[in-house]
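Undergrad: Got a structure for you, questions after.
In our numbering, the protein residues as written are 322 to 387.
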């Protein structure tokens, strides 16, 4: 369990998704541009899944609930 907690703490304070989210808010640049500029070939984790889930929620009129 302790390694899971450590992973959560590391992700929240220094993970690539957190860094890109912060850069998105500060610069307004798209996630694709920020990936290219800041991640040296790595990709965001879960972004494709998030887009697909959003489309499903949108299609069912449930976006406001999430």
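Just so you know, even glycine gets a beta-carbon here, dropped at the ideal spot from N, CA and C.
Would you mind giving the Cβ-Cβ distance between residue 341 and residue 352, rounded to the nearest angstrom? I have them listed as a contact below 8 Å.
TA: Position 20 of the chain shown, counted from the first residue, corresponds to residue 341. Position 31 of the chain shown, counted from the first residue, corresponds to residue 352. Residue 341 to residue 352, Cβ: 6 Å. Contact.
Undergrad: Might you give, ordered along the chain, the residues of its own chain that have their beta carbon closer than 7 Å to the beta carbon of residue 345, omitting 5 neighbours on each side?
TA: For the purposes of this step, residue 345 is taken as the residue at position 24 of the chain shown. Cβ within range, chain order: 352, 355.
Undergrad: Shortest alpha-carbon distance to residue 368 belongs to which of 330, 338, 326?
TA: Taking the chain shown and counting its residues from 1, the one referred to as residue 368 is at position 47. Answer by Cα proximity: 338.
Undergrad: Just how far apart, CA to CA, sit residue 349 and residue 325?
TA: Counted from its first residue, the chain shown places residue 349 at position 28. Counted from its first residue, the chain shown places residue 325 at position 4. Approximately 32 Å, taken between the alpha carbons.
Undergrad: Would you report the Cα separation of residue 373 and residue 386, rounded to the nearest angstrom?
TA: On the chain shown, residue 373 is found 52 positions in, with the first residue counted as 1. On the chain shown, residue 386 is found 65 positions in, with the first residue counted as 1. When rounded, the distance between both Cα atoms is 16 Å.
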